[in-house]
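Positions in the sequence shown are counted from 1; adding 16 to them yields the working numbering. For reference, the structure is listed below as structure tokens.
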Amino acid sequence: MHPQNYKFYLTLNQLLVEMDGFNNTVHIMVIAATNRIDTLDSALLRPGRFDRIVYVPLPDVGGRKKILEIYVKKIKSNLTSTDIEKMAKLTPGFSGADLENIVNEATILATRNNKSFVTVHEFYEARDKVSMGPERKSNGNCYNNNKCFLFFSMLYYSLTYSLLCFCFFFFCFFLF
Numbered sequence: 017m018h019p020q021n022y023k024f025y026l027t028l029n030q031l032l033v034e035m036d037g038f039n040n041t042v043h044i045m046v047i048a049a050t051n052r053i054d055t056l057d058s059a060l061l062r063p064g065r066f067d068r069i070v071y072v073p074l075p076d077v078g079g080r081k082k083i084l085e086i087y088v089k090k091i092k093s094n095l096t097s098t099d100i101e102k103m104a105k106l107t108p109g110f111s112g113a114d115l116e117n118i119v120n121e122a123t124i125l126a127t128r129n130n131k132s133f134v135t136v137h138e139f140y141e142a143r144d145k146v147s148m149g150p151e152r153k154s155n156g157n158c159y160n161n162n163k164c165f166l167f168f169s170m171l172y173y174s175l176t177y178s179l180l181c182f183c184f185f186f187f188c189f190f191l192f
């Protein structure tokens, strides 16, 4: 057995033993959270253990606005309440951790741009980075260059023309 799997099962068994050892007359409640309920061991979900499931959805617009307000208070920014509300509307499906990441990325971008405070521009850029990944800069490859595009298109047309001429002469030669 792999050492990591061994530690996992050892920890799981210890947790189950501890939970089975609780006295029924004493009211002890154990609360746990996971993002991956499908990966939980079935022994944990038996009656008397973690048998109640409470789903916590992602925050709505109001919740995202409150979360952003909490994180924006911790940094220097010129964001107004209206700006925060716009950002909350532009981030559907984002979790609290995603919103915190946006604020952190915006702070990093402002620092890189030698700004003393975070502006709306950094927040929009950070939102794009968190949702779509970092911006891909051109590495000077030929596909972004108009001259290379012209070269390849002319090459394509000349090869196509040559192939058509070859086929025409080939069929004419064998037909006559």
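C-beta atoms are modelled at their ideal positions from N, C-alpha and C, and glycine is treated no differently.
Who are the near neighbours of residue i in its chain, counting only those whose CB is closer than 8 Å to its CB and skipping five residues on each side?
i             : result
lysine 92     : Ser132, Phe133 and Val134
isoleucine 69 : Ile53
leucine 180   : none
Cutting at 7 Å between CB atoms, please list the residues of its own chain near residue i, excluding the five before and the five after it.
i            : result
alanine 122  : Val134, Glu138, Phe139 and Ala142
valine 77    : Ala104 and Lys105
tyrosine 177 : none
Excluding five sequence neighbours on each side, which residues of the same chain lie with their C-beta closer than 6 Å to the C-beta of residue i?
i             : result
glutamate 101 : Lys81
methionine 35 : Arg65
serine 97     : none
Cβ of residue i within 8 Å of Cβ of residue j?
i             : j                : result
isoleucine 44 : phenylalanine 38 : yes
alanine 59    : leucine 26       : no
leucine 115   : threonine 107    : yes
leucine 28    : aspartate 67     : no
leucine 84    : methionine 103   : yes
valine 136    : aspartate 99     : yes
Which residue marks the beginning of the alpha helix (DSSP H) containing residue i, and which one marks its end?
i              : result
asparagine 117 : 112-128
tyrosine 71    : Looking at the DSSP string, tyrosine 71 is not in any alpha helix (DSSP H), and its letter there is neither H nor E.
isoleucine 86  : 77-88
valine 136     : 136-148
alanine 104    : 97-105
Looking only at C-alpha atoms, which of the options sits nearest to residue i?
i              : options                        : result
glycine 109    : Leu74, Val88, Leu84 and Gly79  : Leu74
valine 88      : Tyr71, Gly112, Asp76 and Gln30 : Gly112
tyrosine 71    : Arg62, Thr50 and Gly64         : Thr50
asparagine 120 : Asn21, Lys90, Ile69 and Tyr177 : Lys90
methionine 148 : Leu180, Ile118 and Leu61       : Ile118
Out of curiosity, what's the CA-to-CA distance linking residue i and residue j?
i                : j             : result
glycine 79       : leucine 171   : 57 Å
glutamate 86     : threonine 127 : Per the sequence shown, residue 86 should be read as isoleucine rather than glutamate. Rounded to the nearest angstrom, the two C-alpha atoms are 20 Å apart.
phenylalanine 24 : proline 150   : 35 Å
lysine 129       : aspartate 144 : The sequence shown places asparagine at residue 129, rather than the lysine named in the question. Approximately 17 Å between the Cα atoms of the pair.
proline 63       : arginine 152  : 51 Å
asparagine 21    : glutamine 30  : 14 Å
threonine 41     : leucine 61    : 21 Å
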